[in-house]
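Accompanying notes for the structure given below.
Residue numbers (the numbering used here), protein chains in the order written: chain W, 1 to 204; chain X, 205 to 408.
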């Protein structure tokens, strides 16, 4: 099996939110498709262990903000790269409340769907929820963002950090060489008496 | 509820195929997402009543050809706009067989997945199948096509058909006018005796 084939599937990206008792939370998912009509139902799949699906199992309701092409990495960092167990993910970000009292994004979303869970299926690594759509709104004229665009355009590229290791320091005045990674702050050149600030690193 | 919101969901497009006894068939679907890992499982949703899901319910196996950006409208016409009850959809199109003996596309697909059904759920209008992935291959370096691109770029634009209604026929030889939508094939001009083939339509 060639696992690279899975990268050829197309996904959109949503911020999935819910509320149980006083706790509101949201996360990023890339699996939201309409699976049936009359009534319209959406399927979403969420990683087990994450807080949002745990809360959805108790609340039985969820809301989706479909991310549009204006979305920035900050939204992914906020909802996707930290846990609602540690922080309030909605603090300091513009959001609205739907009729269920669930938050959805006021910016960077082109549509929202308010849903109630009609079935769920534990698939081991994930839980698949099917939600009946109770309300739907168009929020912006921007096109939706794809998961491919997130990877190619939005997610920061890993930077090539030059891993230079310092093996010594050289006096830029007289050329004296000090052996060792760390030059003491109060070091003075034994040849020309210039201070540590006149030394430059020698790399391996 | 604003139904236009549903157009803001992102989908890829696949040709879904199966085989039961001697009948192979395939159709176009826009709902295929990976919903779980270890083992990898895909969810697909199919319209009830169509032949392909009916065959999948009996065979318990299916294969997906993920359509890539080179796909033409012919593929959609072949697999999406006719029924396998009337035609053999695979006749005259290049295809390969996977280890289950199911056909997948030799062109216009960037990946394929061979799956066995591990669960199905009747949702009224559609059936949701979850398939465990038994094999996966990358087939082309082209990017996958999105359902949005199908609508914006691949599907022919509706043409303005002039709905002209014929109210009569005029003899092009002598100008005699016949009243009525249909000119009998054996009609002869009462003025000049020329045949029906010399008459031209008069539009409303």
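A virtual CB, placed ideally from N, CA and C, is assigned to each residue, including glycine.
Here the structure is a predicted model, which means the values were calculated and not measured.
Residue(s) in a DSSP beta bridge with residue i
| i | result |
| --- | --- |
| residue 122 of chain W | W:127 |
| residue 316 of chain X | X:269, X:341 |
| residue 277 of chain X | DSSP output for residue 277 of chain X lists no bridge partner at all. |
| residue 14 of chain W | W:29, W:66 |
| residue 199 of chain W | W:171 |
| residue 392 of chain X | X:399 |
| residue 299 of chain X | X:309 |
| residue 38 of chain W | DSSP output for residue 38 of chain W lists no bridge partner at all. |
| residue 144 of chain W | W:68 |
| residue 249 of chain X | X:332 |
| residue 166 of chain W | W:203 |
| residue 223 of chain X | X:228 |
| residue 382 of chain X | X:373 |
| residue 156 of chain X | There is no way to answer for residue 156 of chain X, as the model of chain X reaches only from 205 to 408. |
Chain X contact for residue i (CB, 8 Å cutoff)
| i | result |
| --- | --- |
| residue 34 of chain W | yes |
| residue 126 of chain W | yes |
| residue 146 of chain W | yes |
| residue 11 of chain W | yes |
| residue 113 of chain W | yes |
| residue 123 of chain W | yes |
| residue 50 of chain W | no |
| residue 138 of chain W | yes |
| residue 110 of chain W | yes |
Short CB-CB distance (under 8 Å) between residue i and chain W
| i | result |
| --- | --- |
| residue 249 of chain X | yes |
| residue 210 of chain X | yes |
| residue 206 of chain X | yes |
| residue 400 of chain X | no |
| residue 361 of chain X | no |
| residue 235 of chain X | yes |
Chain W contact residues for residue i, given Cβ-Cβ distances below 8 Å
| i | result |
| --- | --- |
| residue 242 of chain X | 124, 125 |
Beta-carbon neighbours of residue i, restricted to chain X and to distances below 8 Å
| i | result |
| --- | --- |
| residue 41 of chain W | 327 |
| residue 135 of chain W | 205 |
Integer-rounded CB distance, given that residue j should sit under 8 Å from residue i
| i | j | result |
| --- | --- | --- |
| residue 145 of chain W | residue 71 of chain W | 5 Å |
| residue 198 of chain W | residue 173 of chain W | 5 Å |
| residue 28 of chain W | residue 76 of chain W | 6 Å |
| residue 259 of chain X | residue 335 of chain X | In fact, because the Cβ distance is near 14 Å, the residues do not count as touching under 8 Å. |
| residue 45 of chain W | residue 19 of chain W | 20 Å between Cβ atoms; not a contact. |
| residue 52 of chain W | residue 9 of chain W | No, residue 52 of chain W and residue 9 of chain W are not in contact; Cβ-Cβ is about 22 Å, not under 8 Å. |
| residue 240 of chain X | residue 124 of chain W | 6 Å |
| residue 110 of chain W | residue 138 of chain W | 7 Å |
| residue 81 of chain W | residue 14 of chain W | Contact flag wrong, Cβ pair sits at about 16 Å. |
| residue 69 of chain W | residue 112 of chain W | No, residue 69 of chain W and residue 112 of chain W are not in contact; Cβ-Cβ is about 16 Å, not under 8 Å. |
| residue 318 of chain X | residue 267 of chain X | 5 Å |
| residue 11 of chain W | residue 147 of chain W | 4 Å |
| residue 73 of chain W | residue 157 of chain W | Not a contact, Cβ separation roughly 11 Å. |
| residue 310 of chain X | residue 1 of chain W | With a Cβ gap of about 20 Å, residue 310 of chain X and residue 1 of chain W do not count as contacting. |
| residue 374 of chain X | residue 407 of chain X | So it is not a contact: roughly 11 Å between Cβ atoms. |
Distance cut-off 7 Å: residue i Cβ against heavy atoms of the ligand SAM
| i | result |
| --- | --- |
| residue 14 of chain W | With respect to small molecules bound, the structure shown includes none, and the ligand SAM cannot be examined in it. |
Q: Would you list, in chain order, the members of the stretch 52 to 84 of chain W that have their beta-carbon closer than 7 Å to a beta-carbon of chain X?
A: 66
(Q) By the 7 Å beta-carbon criterion, what residues does the stretch 88 to 99 of chain W contribute toward chain X? (A) none
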